[in-house]
Structure formats: C-alpha cells, structure tokens
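What the sequence shown shows, in the working numbering, is residues 37 to 503, in sequence order. Every residue gets a Cβ at the ideal spot worked out from N, C-alpha and C, and that includes glycine. Given the structure is predicted, the values throughout are model-derived calculations rather than measurements. Reviewing the structure listed below.
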Amino acid sequence: MALNLFNTVSRSVQTFAPLDPNGRNVGMYCCGPTVYDYAHIGNWRTFVFADLVRRHLEFKGFQVNHVMNITDVEDKIIKRVREQKTTLRGFTGPYETAFLEDLRALGCQEPHQKPRATEYIPQIIALIEKLITRGVAYRAPDGSVYFSIDKYRGCGCQYGQLLKLNFDEMRAGERVKSDEYAKESIADFALWKTRVPEDGEVFWPSPFGEGRPGWHIECSAMSTALLGNTFDLHLGGEDLIFPHHEDEIAQSEGATGQPFVKFWLHGAHLLVEGKKMSKSLGNYFTLRDLQAKGYTGREVRYLLLKAHYRETFNFTMDGLAEAKTALARIDECVAKLRELAGGTAAVPDVELVTAFQTALDEDLNISAAWGAVFEWVRKTNRALADNTLGVAGAASALAGWEKINAVLGIGLAAEAEAPAELQALLVERQLARKNKDFKRSDEIRDQLKAQGWVIEDSPKGQRLKKV
Ligand code: AMP
Ligand code: ZN
C-alpha cells in the first residue's frame with residue numbers, strides 16, 4: 037500500500053517514494069534539541085512525531101537512516117554559558133544526557149546518528165567556503181560571513197520554497213545576525229559570526245577569522261555530511277519553517293546546486309490553554325514535571341500521539357488522566373490475551389493490522405488508527421467475555437497487537453517475554469553471581485545480549501528485556 041504524506045514544499049499530500057532506486061533506503065533528518073535547558077513536552081510532541089514517522093516507515097519495510105542533530109552552540113546557549121560562567125560542554129552536556137533519558141522514557145527509538153554541531157565545524161567551514169566561492173556569501177565589515185539572498189536569487193534559485201515571501205519590502209544587503217528572526221525581516225543571515233567579547237571562550241579558528249557558526253548552517257552541514265546532498269525526508273516543528281528550514285534549503289542548494297530535500301514534514305504545535313507551549317511564555321511542562329506528578333513516559337507518549345500531527349493540540353491535565361485510562365483498557369485486554377494464548381505462535385490478526393496501516397498510510401491519520409485499536413479492544417473484550425476466541429484466536433489477536441505496537445511504541449506493558457531457555461540462563465547467572473563466579477556471570481550476560489536481550493532490574497527482581 038502506498039504511503040501518502042503532506043509535503044510542505046508542494047503544500048499537498050503526495051505519495052512517498054524514496055530516492056534509492058531499489059526503493060528501500062530512506063534518509064531522514066529531524067532538527068534536534070537545542071541543549072540549553074530541559075526539553076518541554078511541546079518539543080517532545082515534535083520528536084515523538086518524528087519517531088512515529090520512522091517507525092511507520094520501518095513497518096512498511098523501509099531501511100531508515102534517522103539522523104537527529106544536537107544543537108550545542110547557538111545564541112541562547114552562549115548567553116547561558118556566559119551567565120553561568122561555565123564552559124560550553126560543561127553547560128550543554130547535562131542537558132544532552134537529560135534529553136536522551138527523556139527520549140527513552142517516551143519510548144522513542146534512538147536516532148541512528150546524533151551529530152553534535154560542535155563536532156562538525158570543519159564541514160561547516162567547508163560549506164561556507166563553497167558558498168563564498170559560488171558568490172552567494174560575503175564578508176561583512178565586522179568580519180562575519182553572511183548569506184546573500186539577492187545573489188542567490190540572482191542565480192535563478194528560489195528563496196521562499198516553503199512559504200510565500202514578500203520581497204517588495206526587502207532591502208538588498210540588509211543583515212540579521214541573530215539565529216531566530218521573524219518573516220518580516222527577509223534579510224541576509226549570518227553563516228559565521230565573528231568573535232565578540234560576549235562569546236567568551238566559545239570560538240573556533242577559521243579562514244574567516246575566529247568565530248562560531250550560525251544555527252542554520254549547522255543543520256545544512258550535518259544533514260548533507262551524513263545523508264548526502266539530496267535526501268528523502270526532513271522534519272521539524274512548524275515554527276522552524278521560517279527562517280530555519282528556508283535558510284537550510286538556501287545554504288544547501290546554494291552550495292551544491294542540487295535539490296536538498298524531497299519531502300518536508302512539519303508538526304503542528306502543542307498548545308496550553310490555546311497558547312503555544314514555550315519557554316518564553318513560561319507555560320510549559322517538562323517530562324520530568326509530569327513524572328513528578330505520577331505520570332509515566334508511556335502515558336505522555338500516548339497523549340502526544342493522540343492528535344494528527346498537522347493539527348495543533350491542546351494539552352490539559354485532564355487529557356493526561358484520560359491517557360492513563362485508555363492505556364489501562366488496552367493493557368487489560370492484552371494481558372487477558374496473553375494469558376489465554378499462553379505463548380502460542382500465530383499469524384497476526386489481518387483485520388487489525390490492515391485497518392491500522394490503511395489509516396497511517398493516509399498522511400499518518402492517527403485518529404483513524406486509534407479508532408481501529410479501540411474498536412479491536414471492544415470486539416476482543418466481547419469475544420473474551422463470550423469465550424469465543426480460543427487459544428489460536430487469542431494468539432493471532434496478540435500477534436496483531438504486537439505488530440502495530442511496533443509503530444505506536446506504547447507497549448511497555450505488552451512486552452515480549454523471553455523464551456524459557458533464556459529465562460533459565462538468567463537464573464543460572466543469578467546463581468553464578470551468588471557464588472561470585474563473575475566470569476560465568478559475564479559470559480551469560482554477553483550470550484543474552486548476543487540474542488538481543490538485556491538484564492533489567494524490576495520491583496520483582498531481575499528480568500529480561502528485548503533491546
Ligand atoms: P528547540 O530545542 O527549541 O530547537 O526545539 C526542538 C523542536 O521542538 C523543534 O522542532 C521545534 O519546532 C519544536 N517545538 C518547539 N515548541 C514546540 C511546541 N510548542 N509544540 C511542538 N513542537 C515544538
Ligand atoms: Zn535544523
């Protein structure tokens with residue numbers, strides 16, 4: 037079945053086909069976090085959306101190379117490093133670690149590559165040099181390097197691919213130095229910012245003098261370095277359409293002369309009482325805030341996955357409480373199926389899987405997908421109550437659930453159980469540790485790992501978890 041996605045460039049739903057002539061490999065880049073604070077759940081809505089896209093592509097048999105950068109140098113970070121009198125890495129490191137912890141708690145697959153901007157300075161410099169050579173970037177009197185929108189457009193390139201811009205107001209050569217700016221200011225933007233005293237020790241040498249990169253060039257350099265000059269999918273929250281993504285296109289296409297990205301996907305914002313959840317408005321929750329109130333990452337994930345990605349979604353605590361109830365309904369049904377199926381292997385329930393896939397293939401219509409899930413829960417509960425399912429029916433229903441749960445990623449309570457021989461190894465390892473036979477204990481751990489299982493502590497003692 038074809039996968040249809042809304043492409044911001046064409047402003048229409050298009051059938052997705054990868055650039056790979058074999059139709060298998062997909063390169064996907066999602067703008068990652070700026071590690072200057074804990075991510076709030078508005079940010080998480082975007083990352084959970086990216087995780088859904090990746091999981092659904094994998095479900096459909098694509099081999100995805102998922103890249104998510106870590107923005108570890110930009111204006112806001114430098115300001116905080118200065119205020120806190122610390123070092124760049126000393127400041128960003130703990131937020132990066134916290135981000136990855138939250139990512140796991142929310143059941144997101146870890147991106148295959150997580151480049152840090154500060155580790156791509158040579159590629160960034162090379163890209164800027166290319167832009168200078170091609171005549172679309174220039175040195176300003178203070179030594180900073182800017183992208184020239186006028187020169188770029190003069191080469192027949194289009195600035196304003198993602199949204200319509202009004203160039204009548206634009207004054208040639210007008211410059212904007214900050215990383216974030218409004219649509220009203222279509223102006224040349226900074227690629228390399230010359231070192232100023234406020235930057236402290238945050239600077240790198242370059243052919244353009246000491247300084248640091250602008251935010252937009254970082255993503256162009258990292259994405260093309262890891263996915264090639266042209267790649268399949270680029271994702272982010274809708275606030276990144278302008279200027280960030282528009283500038284990424286201009287920099288990348290300006291340097292390579294090749295199309296940058298085939299499909300642009302943008303997630304709508306998470307609102308709180310009708311307003312965008314943002315740090316500047318102070319109306320935000322982090323995942324940690326919600327965990328402190330007794331909610332789990334899984335419940336937050338469910339809530340963030342509830343609405344269609346292109347619709348704004350209003351966050352409420354009541355909504356989170358409803359998420360808890362909804363998941364409990366699914367868990368209860370799955371637990372009963374497990375008990376009845378008792379480990380019997382079966383082919384997945386076609387009806388559930390088809391309804392689910394059909395919904396997600398239509399621009400990730402998650403509401404219809406949840407509709408299919410809850411209809412299945414209702415029918416399954418009825419069959420369980422009427423005793424009409426049988427062992428084979430329960431096993432097939434369970435297999436169907438596990439298949440679609442690989443996309444939803446909310447399956448903590450429905451996780452696969454390790455086979456008996458591996459459980460026996462776990463018991464043997466516990467015994468070996470008791471006898472201080474750490475060599476054997478390590479051997480068993482490695483053997484389990486080789487088969488795709490890790491040992492995890494749980495309130496009921498150690499257990500095996502599928503990686
Ligand atoms: P940042 O760490 O600020 O660079 O943002 C990381 C991601 O979160 C970006 O893709 C933003 O577009 C996205 N984002 C920021 N605020 C929200 C929000 N309220 N709802 C959804 N996504 C958001
Ligand atoms: Zn980016």
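Closer than 6 Å: is that where the CB of residue i sits relative to any heavy atom of the ligand AMP?
| i | result |
| --- | --- |
| residue 128 | no |
| residue 258 | no |
| residue 79 | yes |
| residue 115 | no |
| residue 422 | no |
| residue 275 | yes |
| residue 306 | yes |
| residue 279 | no |
| residue 104 | no |
| residue 272 | yes |
| residue 96 | no |
| residue 312 | yes |
| residue 249 | no |
| residue 147 | no |
Nearer than 6 Å: is that true of the beta carbon of residue i relative to any heavy atom of the ligand ZN?
| i | result |
| --- | --- |
| residue 66 | no |
| residue 255 | yes |
Using the three-state DSSP reduction, which class does residue i fall into: helix, strand or coil?
| i | result |
| --- | --- |
| residue 504 | Absent from the structure is residue 504, since the part of the chain shown begins at 37 and ends at 503. |
| residue 290 | helix |
| residue 239 | coil |
| residue 174 | strand |
| residue 398 | strand |
| residue 104 | strand |
| residue 296 | coil |
| residue 450 | Low confidence applies here, because residue 450 scores a pLDDT of 39, under 50, leaving its location unreliable; read the following figure in that light. Here residue 450 sits in helix by DSSP. |
| residue 112 | helix |
| residue 56 | coil |
Measuring CA to CA, which of the options is closest to residue i?
| i | options | result |
| --- | --- | --- |
| residue 402 | 441, 344, 413 | 344 |
| residue 429 | 45, 399, 410, 382 | 382 |
| residue 323 | 77, 226, 131, 186 | 77 |
| residue 108 | 255, 80, 409, 361 | 255 |
| residue 300 | 177, 52, 99 | 52 |
| residue 38 | 501, 399, 88, 67 | 399 |
| residue 197 | 190, 279, 474 | 279 |
| residue 65 | 71, 127, 49, 150 | 150 |
| residue 288 | 303, 441, 267 | 267 |
| residue 178 | 163, 246, 203, 445 | 246 |
| residue 415 | 433, 405, 427, 404 | 433 |
| residue 124 | 132, 113, 133 | 113 |
Hey, quick one: how far does the beta strand (DSSP E) through residue i stretch, first residue to last?
| i | result |
| --- | --- |
| residue 431 | Here residue 431 belongs to no beta strand (DSSP E); instead the alpha helix (DSSP H) covers 426–444. |
| residue 225 | 224–230 |
| residue 64 | 61–66 |
Using only the alpha-carbon positions, how far apart do residue i and residue j sit?
| i | j | result |
| --- | --- | --- |
| residue 284 | residue 148 | 21 Å |
| residue 290 | residue 111 | 24 Å |
| residue 389 | residue 135 | 32 Å |
| residue 75 | residue 106 | 12 Å |
| residue 122 | residue 95 | 44 Å |
| residue 487 | residue 211 | 56 Å |
| residue 363 | residue 272 | 27 Å |
| residue 213 | residue 356 | 40 Å |
| residue 60 | residue 54 | 7 Å |
| residue 319 | residue 85 | 21 Å |
| residue 450 | residue 431 | Reliability of the predicted coordinates at residue 450 is poor, the pLDDT of 39 falling under 50, and the value obtained from them is presented with this limitation in mind. Looking at the two C-alpha atoms, the distance is approximately 13 Å. |
| residue 308 | residue 90 | 27 Å |
| residue 184 | residue 442 | 46 Å |
| residue 386 | residue 207 | 60 Å |
| residue 71 | residue 326 | 20 Å |
| residue 158 | residue 334 | 39 Å |
| residue 423 | residue 370 | 15 Å |
| residue 232 | residue 168 | 22 Å |
List the endpoints of the continuous alpha helix (DSSP H) containing residue i.
| i | result |
| --- | --- |
| residue 409 | 402–422 |
| residue 477 | 474–486 |
| residue 50 | Per DSSP, residue 50 belongs to no alpha helix (DSSP H); it is in the beta strand (DSSP E), 48–51. |
| residue 188 | 185–190 |
| residue 248 | No alpha helix (DSSP H) contains residue 248, which is instead part of the beta strand (DSSP E) from 247–249. |
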